[in-house]
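Data block below; observations after.
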Amino acid sequence: MIGRHRHCIALEAFSREEILEVLDLAVSMKEVLRRPLKKVPTLRGKMVVTLFFETSTRTRSSFETAAKILSADTLSWTAATSSVTKGETLIDTARNLEAMRPDVLVIRHSSGGAPDLVARNVSCSVVNAGDGAHEHPTQGLLDCFTLRERLGGFDGKTVAIVGDISHSRVARSDLHALTKLGARVRLCGPPTMIPMGVEKLGATVHHDLRTAVEGADAVVMLRIQHERIGDPLIPGTREYSKLWGLNVKKAEDWLIPSCVILHPGPINRGVELAPEVADGPRSVILDQVENGVAVRMAILYLLAGGPSAEASGSGRAQA
Amino acid sequence: MNADAVQRAVRRMAREIAERAGAEKADLAIVGIRTGGVHLAGRLRAEIAAATGREPPFGTLDIALYRDDLAERGSAPVVGPTDVRFPVQGKTIVLVDDVLYTGRTVRAALDEIVDFGRPRRVWLAVLVDRGGRELPVAPDFAGARIEVPEGEDVVVRLREGGAAEDAVVIRARRGT
């Protein structure tokens, strides 16, 4: 359980305290991750199943690494190699996996709401590893963990999120978590990539990169999705890079000296982020990868560490 | 036990540890089990430093990730920091806890410490051995041995933990 939650679907549903519980626990998990012998027996005999309907290397590897360090067994299903290609429905697939008695089911799906639908139909815990343009809660948590580590806290801090806000589940999870933790959030991107009325979620909207990043304590640069280039809503790569990409000159001229740069990966070098910036001293991108494992260890521990679904009966708690 | 008795017990244990270490005093290292053992371990370390002229390396263990009752508990226990920064290999580790009861915490701590390397040996030092073992674990150094019935708790309060003065009290168990 993470506070009241048996599943981890959306940070929108999490309270400030529940988010902090995960971040605090991840500090201890990071210590385990840095040991010469990276293995604790905590989740021995538990099973974590990853079910990915969308390709992903880092998120799946991160979950599997986290599970293995905690001694859980892992099983991975990929839609392309499964009977989904034979026409099986999402719920049927999930129920079949459930029959193998996993303790946690980690799901990525191209449709927002898919993990929630699965959570309502299985008795194990479900973790959302990214669903459509909805949320990517573990990415949001690892961004917050990285920011807290670098900035010392969230009060009075300003974080700018730059890119295709409309299609970004990372932006949504970051926005929900950061505003709950007390940070000010600025959203920036081409007008066609910013959803109408997003200010209601507590952010300010900017269409000029300079005003968005000036004075910010951190900048989250989102990946511009190649598959969307050519979409009439989106300018070409060169225009995007010129107006909303970050290069060394802009970084030096506009960012305060202590400002750090995050990116959820994979980076389009030279589009949203110049290579010198991605590899430069402000970049905390590789910290994010390491912290991602620690945060996912914390999530798996909280969800699988209690009594197993069988021991506690099959009563389904609210997500 | 009052403050004076606690002080004497700690000092005596430190002397015994230094004596038993003999010529291998340089290889001593102190590791406190969170949370109750940490302050006590700090004191033992200071006393050992005073007795031997050498401050042993210090670490803390949080055994939450090594518990054997995760599946029986209502929720996952809170995990605190484990901090062992010195090389464990070849050391004589003095594992420190305030109260020795079932022995399960010590079992978990032994499992955790060997994940950091292969110590030369591990000794167990506790302020109070209250009996009631469920595993074959025995202390190498104990400040006091008191047989306490199952329904009661032994509570060690130390100044470092915010107590007005050091004390060991026995009281009826509150809930579970």
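Residue numbers (my numbering), protein chains in the order written: chain A, 21 to 339; chain B, 2 to 177. Glycine included, C-beta positions come from ideal geometry on N, C-alpha and C.
Ignore the nearest five residues each way along the sequence and tell me which others in residue i's own chain have a CB closer than 7 Å to its CB.
i, result
"Ser193(A)", "Leu31, Glu155, His156, Pro157, Gln159, Gly160"
"Glu166(B)", "Ala4, Arg160"
"Arg158(B)", "Ala164, Asp167, Ala168"
"Asp63(B)", "Arg35, Val80, Gly81, Pro82, Thr83"
Spatial neighbours of residue i within its chain, please: CB distance less than 6 Å, with the 5 preceding and 5 following residues excluded, ordered by chain position.
i, result
"His27(A)", "Ala139, Ser145, Val146, Ala339"
"Gly162(B)", "His40"
"Pro120(B)", "Val89, Lys92, Ile94"
"His129(A)", "Phe73, Asp151"
"Ser188(A)", "Leu242"
"Glu17(B)", "Phe142"
"Leu45(A)", "Ala318"
"Ala298(A)", "Ile287"
Using CA atoms only, rank isn't needed, just tell me which of the options is closest to residue i.
i, options, result
"Ile34(B)", "Val7(B), Trp124(B), Ser76(B)", "Trp124(B)"
"Ala50(B)", "Val107(B), Asp69(B), Ala30(B), Glu73(B)", "Ala30(B)"
"Thr93(B)", "Ile114(B), Thr103(B), Val80(B)", "Ile114(B)"
"Val182(A)", "Val42(A), Leu293(A), Thr85(A), Thr79(A)", "Leu293(A)"
"Gly152(B)", "Val138(B), Ala139(B), Pro140(B), Arg172(B)", "Arg172(B)"
"Ala324(A)", "Thr62(A), Glu259(A), Leu229(A), Leu45(A)", "Thr62(A)"
"Arg115(A)", "Ser91(A), Val142(A), Lys262(A)", "Val142(A)"
"Gly265(A)", "Pro277(A), Ala314(A), Asn288(A)", "Asn288(A)"
"Val42(A)", "Lys58(A), Glu108(A), Glu259(A), Thr166(A)", "Thr166(A)"
"Arg78(A)", "Leu195(A), Gly65(A), Asp93(A), Ala149(A)", "Ala149(A)"
"Ala248(B)", "Arg16(B), Leu71(B), Arg12(B)", "No information on residue 248(B) is available, as it lies outside the stretch 2 to 177 that chain B covers here."
"Ser48(A)", "Leu45(B), Ala126(B), Thr61(B)", "Thr61(B)"
"Arg354(A)", "Ala153(A), His283(A), Ala238(A)", "With chain A covering 21 to 339 only, the question about residue 354(A) has no answer from this structure."
"Asp116(B)", "Arg86(B), Val129(B), Gly144(B), Ala139(B)", "Arg86(B)"
"Arg204(A)", "Val190(A), Ala236(A), Ala119(A)", "Ala236(A)"
"Lys262(A)", "Asp175(A), Pro301(A), Arg230(A)", "Arg230(A)"
Would you decide whether residue i is buried or exposed? Buried here means 16 or more other CB atoms lie within 10 Å of its CB.
i, result
"Val268(A)", "exposed"
"Gln90(B)", "exposed"
"Ser186(A)", "buried"
"Asn3(B)", "exposed"
"Asp112(A)", "exposed"
"Met317(A)", "buried"
"Leu306(A)", "exposed"
"Pro82(B)", "exposed"
"Leu136(B)", "exposed"
"Ala27(B)", "exposed"
"Ser334(A)", "Because Ser334(A) carries a pLDDT of 37, less than 50, the predicted location of this residue cannot be relied on, and the following value inherits that uncertainty. Exposed is the call here."
"Ala19(B)", "buried"
"Arg54(A)", "exposed"
"Ile39(A)", "buried"
"Glu330(A)", "Residue placement at Glu330(A) cannot be trusted, given a pLDDT of 45 that sits under 50; what the coordinates show is reported in the next sentence. Classification for Glu330(A): exposed."
"Lys177(A)", "buried"
"Val170(B)", "exposed"
"Leu57(A)", "exposed"
"Ala337(A)", "Caution applies to Ala337(A), whose pLDDT of 39 falls short of 50 and renders its modelled position unreliable; the value that the coordinates give is listed next. Ala337(A) should be labelled exposed."
Using C-beta distances below 8 Å, list every residue in its chain close to residue i, excluding the 5 sequence neighbours before and after it, in chain order.
i, result
"Glu37(A)", "Gly23"
"Val60(A)", "Val52, Ile89, Leu90, Ser91"
"Val225(A)", "Arg206, Leu207, Cys208, Ile214, Val218, Glu219"
"Gly133(B)", "Tyr102, Thr103, Val149, Glu151"
"Pro122(A)", "Met67, Val68, Val69, Leu95, Cys144"
"Gly23(B)", "none"
Let me know the secondary structure DSSP gives residue i once reduced to three states.
i, result
"Cys164(A)", "helix"
"His156(A)", "coil"
"Asn116(A)", "helix"
"Arg243(A)", "coil"
"Asp154(B)", "strand"
"Gly333(A)", "Annotation note: pLDDT 37 at Gly333(A) (below 50); position unreliable, coordinate value reported separately. Correct three-state label for Gly333(A): coil."
"Ile22(A)", "strand"
"Asp116(B)", "coil"
"Asp194(A)", "helix"
"Met317(A)", "helix"
"Arg55(B)", "coil"
"His283(A)", "coil"
"Ala126(B)", "strand"
"Gly81(B)", "coil"
"Gly150(A)", "strand"
"Phe83(A)", "helix"
"Gln338(A)", "With a pLDDT of 36 at Gln338(A), under the threshold of 50, the predicted position of this residue should be treated as unreliable, and no value is reported."
"Arg15(B)", "Contrary to the premise, residue 15(B) reads as Ala rather than Arg in this sequence. DSSP places Ala15(B) in helix when its eight states are reduced to three."
"Asp228(A)", "coil"
Would you verify that the beta carbon of residue i is, or is not, closer than 7 Å to some beta carbon of chain C?
i, result
"Asp28(B)", "In summary, chain C is missing from the structure at hand, where the protein chains are A and B."
Cβ of residue i within 6 Å of any heavy atom in the ligand MG?
i, result
"Ile18(B)", "This structure lacks the ligand MG, and indeed carries no ligand of any kind."
*Determine which residues of the stretch 73-106 of chain B have a Cβ less than 9 Å from any Cβ of chain A, and write them out in chain order.*
Glu73, Arg74, Gly75, Ser76, Ala77, Pro78, Val79, Val80, Gly81, Pro82, Thr83, Asp84, Val85
*Quick one: which residues of the stretch 34-64 of chain B get their C-beta closer than 9 Å to a C-beta of chain A? List them in chain order.*
Asp63
*Taking any Cβ of chain B, which residues in the stretch 61-79 of chain A have a Cβ under 7 Å from it, in chain order?*
Pro61, Thr62
_Contact residues within the stretch 117-149 of chain B, judged by C-beta distance below 8 Å to chain A_ = Phe117, Gly118
*Return the residues of the stretch 41-54 of chain A that lie within a Cβ-Cβ distance of less than 8 Å from chain B, sorted by chain order.*
Leu45, Val47, Ser48, Met49, Glu51, Val52
*If contact means a Cβ-Cβ distance below 7 Å, which residues of the stretch 315-326 of chain A contact chain B?*
Tyr321, Leu322, Gly325, Gly326
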